[in-house]
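In the working numbering, the protein residues as written are 1452 to 1856.
Just so you know, even glycine gets a beta-carbon here, dropped at the ideal spot from N, CA and C.
All of these numbers come straight from a predicted model, not from anything done at the bench.
These notes are about the structure you will find just below.
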């Protein structure tokens, strides 16, 4: 079965609906655009740097919703905001509503060029080879690790996350798009994280929780026959199916204690984006405690082996020792509403959804320096050159939005 990243999607209702966006790019700081709805956050009522504080405020009813991002390493500071205003719109985001000028037509946002690659392609292959040696050691418990590399892009003119999001929306109208403000490198400054993630970390709609983990990937090809063969090869790849199983097993273990029922298919399905084939598994369950928020769920499952590895602690330590801090790349971006009580006094679960922060870029204050990342899961039988090629394919989405082919 081949699906799109937005298959079987239903629109949340907990925050109400709106028919027109009242904010502009100047006062909006958060966007998550999915296939059937989009959420926009405006104004900053409360800013949270600890996930537990934001989750507690939601559960206690101190705030009605939070939006923002979790870092790759959940032990670090988060970027979560209780907005002054949050709007949930049925239907997809229309870029004109945030005053993007010519970018409404989906033109590249700027003249940009790649100025640095960290690590270099050769060094990335060496890092992968070193990881493979460790993974092949029968005395080492590490079974999978996800290694990434970064590109630094310089823009000839300042760009904003909203402009890049508009371009991403034009490139793939069915894809998910996000923008959120992040704390900048100096006090009071702001960066932006923007991207087009295909991967649902966790979603809560009423008492139903769902996830769509992706692990195991290959690049799309321009020839339809060869592209179909590429998809079939991925579906039958022992290496990729093993890598995917790590992720599914981890999500099952994390969600089972929180759910009354949990449905996890035995086999993955093929999912496509314009640039990639992925193995994906649609997971669905019924939450046991309706007061559990979508943020609680995101904190329970993040980081998954899809962007970290397994066991989590060993993989995370290997990544930090190899790459340094990732910041918000491979974190999570999303929103969560607070639980409320119905007229009969029963708790009505607040909705929410969190995407894995991949296929993304961070725009530094000033809008001229942009960093983007791509990674891949490494197991004992991985091939460094193949893994390097996978990162090249994953870079294509965000680079196209920046006018780089």
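Requested in this report: May I ask you to verify whether the region 1640–1650 touches the region 1606–1626, counting CB pairs closer than 8 Å and requiring at least 3?
Outcome: The region 1640–1650 vs the region 1606–1626: in contact.
Query raised in the report: Should the region 1656–1667 be called in touch with the region 1715–1735, which here means at least 3 C-beta pairs below 8 Å?
Result: In short, these stretches touch, since the Cβ pair count reaches three.
Query - residue 1710 versus residue 1510: straight-line alpha-carbon distance, rounded - result: On the chain shown, residue 1710 is found 259 positions in, with the first residue counted as 1. On the chain shown, residue 1510 is found 59 positions in, with the first residue counted as 1. Each residue's Cα considered, the two are about 18 Å apart.
Query raised in the report: Is it true that the CB of residue 1619 sits closer than 7 Å to the CB of residue 1647?
Result: Locating residue 1647 in the chain shown gives position 196, counting from the first residue. Locating residue 1619 in the chain shown gives position 168, counting from the first residue. It is a contact, given that the beta carbons lie within the stated cut-off.
Query raised in the report: What is the C-beta distance between residue 1723 and residue 1830, in whole angstroms, given that I count them as a contact (C-beta under 8 Å)?
Result: In the chain shown, residue 1723 corresponds to position 272, counting from 1. In the chain shown, residue 1830 corresponds to position 379, counting from 1. Between residue 1723 and residue 1830, the beta carbon gap of about 23 Å keeps them out of contact (Cβ cut-off 8 Å).
Query raised in the report: Three-state secondary structure (DSSP) at residue 1853?
Result: The residue given as residue 1853 occupies position 402 in the chain shown. In this structure, residue 1853 counts as coil in the three-state DSSP scheme.
Report task. Tell me, please, whether the region 1532–1547 touches the region 1672–1680 by the rule of three or more beta-carbon pairs shorter than 8 Å. Result -> Contact between the region 1532–1547 and the region 1672–1680 is absent, because fewer than three Cβ pairs lie under 8 Å.
Report task. Look up residue 1544 in the DSSP assignment and give the residues it is bridged to. Result -> In the chain shown, counting from the first residue as 1, residue 1544 sits at position 93. DSSP lists no partner for residue 1544.
Query - Helix, strand or coil at residue 1492 [DSSP, three-state] - result: Start at 1 with the first residue of the chain shown, and residue 1492 comes out as number 41. Here residue 1492 sits in strand by DSSP.
Query raised in the report: What span of residues does the alpha helix (DSSP H) with residue 1681 cover, start to end?
Result: Position 230 of the chain shown, counted from the first residue, corresponds to residue 1681. Per DSSP, the unbroken alpha helix (DSSP H) holding residue 1681 starts and ends at 1675–1686.
Query raised in the report: In or out: residue 1608 buried (at least 16 other Cβ within 10 Å) or exposed?
Result: Mapped onto the chain shown, residue 1608 falls at position 157. Here residue 1608 is exposed. Its C-beta has fewer than 16 other C-beta atoms within 10 Å.
Query raised in the report: Taking contact to mean at least 3 C-beta pairs separated by less than 8 Å, is the region 1774–1789 in contact with the region 1510–1527?
Result: As far as the Cβ criterion goes, the region 1774–1789 touches the region 1510–1527, which means the pair count is three or higher.
Query raised in the report: In chain order, what residues of the same chain lie with their CB nearer than 7 Å to the CB of residue 1605, ignoring the 5 residues before and after it?
Result: Residue numbering aside, residue 1605 sits at position 154 when the chain shown is read from its first letter. Answer for residue 1605: 1563, 1564, 1566, 1819 and 1820, listed in chain order.
Query raised in the report: Out of 1495, 1578 and 1499, which has the shortest C-alpha to C-alpha gap to residue 1772?
Result: For the purposes of this step, residue 1772 is taken as the residue at position 321 of the chain shown. The residue with the shortest Cα to Cα distance from residue 1772 is 1578.
Query raised in the report: To which residues of the same chain is residue 1725 closer than 6 Å at the C-beta, ignoring the five residues directly before and after it?
Result: As a first step, residue 1725 must be located in the chain shown, where it is residue number 274. Hits under 6 Å: 1623.
**Report entry** Buried/exposed call for residue 1716, threshold 16 Cβ in 10 Å
**Finding:** On the chain shown, residue 1716 is found 265 positions in, with the first residue counted as 1. Under this definition residue 1716 is an exposed residue.
Query raised in the report: residue 1749 CB to nearest chain C CB: under 7 Å?
Result: Absent from the structure: chain C. Only one protein chain is present.
Query - Presumed contact (8 Å Cβ cut-off) between residue 1499 and residue 1517, rounded CB distance - result: Stepping through the chain shown from its first residue, residue 1499 is reached at position 48. Stepping through the chain shown from its first residue, residue 1517 is reached at position 66. Contact annotation, residue 1499 with residue 1517: C-beta distance approximately 7 Å; criterion of less than 8 Å satisfied.
Query raised in the report: Quick one: Cα of residue 1825 to Cα of residue 1730, how far?
Result: Along the chain shown, one-based indexing puts residue 1825 at 374. Along the chain shown, one-based indexing puts residue 1730 at 279. Distance between the alpha carbons of residue 1825 and residue 1730 is about 17 Å.
Query raised in the report: Secondary structure at residue 1527, three-state DSSP: helix, strand or coil?
Result: The sequence position of residue 1527 within the chain shown is 76, counting from 1. Looking at residue 1527 - three-state DSSP - the assignment turns out to be coil, as it is neither helix nor strand.
Query raised in the report: Sorted by chain position, which residues of the same chain lie with C-beta nearer than 7 Å to residue 1753's C-beta, five sequence neighbours on each side aside?
Result: Here the question's residue 1753 lines up with position 302 in the chain shown. Only 1521, 1525, 1652 and 1783 meet the Cβ criterion.
Query - Three-way DSSP call (helix, strand, coil) for residue 1518 in this model - result: The sequence position of residue 1518 within the chain shown is 67, counting from 1. Residue 1518 carries a strand assignment under DSSP once its states are collapsed to helix, strand and coil.
**Report entry** Closest Cα partner of residue 1478 within the set 1855, 1506, 1603 and 1631
**Finding:** The count along the chain shown starts at 1 and reaches residue 1478 at position 27. Out of 1855, 1506, 1603 and 1631, 1631 has the C-alpha closest to the C-alpha of residue 1478.
Query raised in the report: Excluding sequence positions up to five away, which residues of its chain have a Cβ less than 6 Å from the Cβ of residue 1701?
Result: Here residue 1701 refers to the residue found at position 250 when the chain shown is read from its first residue. Cβ neighbours of residue 1701 beyond the five flanking positions: 1755 and 1756.
Query raised in the report: What's the gap between the Cα of residue 1592 and the Cα of residue 1586?
Result: The residue you call residue 1592 lines up with position 141 of the chain shown. The residue you call residue 1586 lines up with position 135 of the chain shown. In this structure, the alpha-carbon of residue 1592 lies about 8 Å from that of residue 1586.
Query raised in the report: Quick one: Cα of residue 1873 to Cα of residue 1822, how far?
Result: No statement about residue 1873 is possible, as the shown extent of the chain runs from 1452 to 1856 and does not include it.
Report task. Please say whether residue 1816 and residue 1742 have beta carbons closer to each other than 7 Å? Result -> Taking the first residue of the chain shown as 1, we reach residue 1742 at position 291. Taking the first residue of the chain shown as 1, we reach residue 1816 at position 365. Taking C-beta atoms as the reference points, residue 1742 and residue 1816 fail to come closer than 7 Å.
Query raised in the report: Which word fits residue 1679, buried or exposed, when buried means at least 16 other C-beta atoms lie within 10 angstroms of its C-beta?
Result: Translated into the one-based positions of the chain shown, residue 1679 becomes position 228. When all chains shown are included, residue 1679 counts as exposed.
Query raised in the report: Is it true that the CB of residue 1801 sits closer than 7 Å to the CB of residue 1785?
Result: Position 334 of the chain shown, counting from 1, holds the residue named residue 1785. Position 350 of the chain shown, counting from 1, holds the residue named residue 1801. Judged by their CB atoms, residue 1785 and residue 1801 are not nearer to each other than the 7 Å cut-off.
Query raised in the report: According to the neighbour-count rule (16 or more other Cβ atoms, all chains shown, within 10 Å of its Cβ), is residue 1571 buried or exposed?
Result: What you label residue 1571 is simply residue 120 of the chain shown in a count that begins at 1. By the 10 Å Cβ count, residue 1571 comes out exposed.
Query - Reduced DSSP secondary structure (H/G/I, E/B, other) of residue 1694 - result: The residue labelled residue 1694 in the question sits at position 243 within the chain shown. If DSSP states are grouped into helix, strand and coil, residue 1694 belongs with the helices.
Query raised in the report: So what does DSSP say about residue 1753, is it helix, strand or coil?
Result: Within the chain shown, numbered from 1, the residue matching residue 1753 stands at position 302. Residue 1753 carries a coil assignment under DSSP once its states are collapsed to helix, strand and coil.
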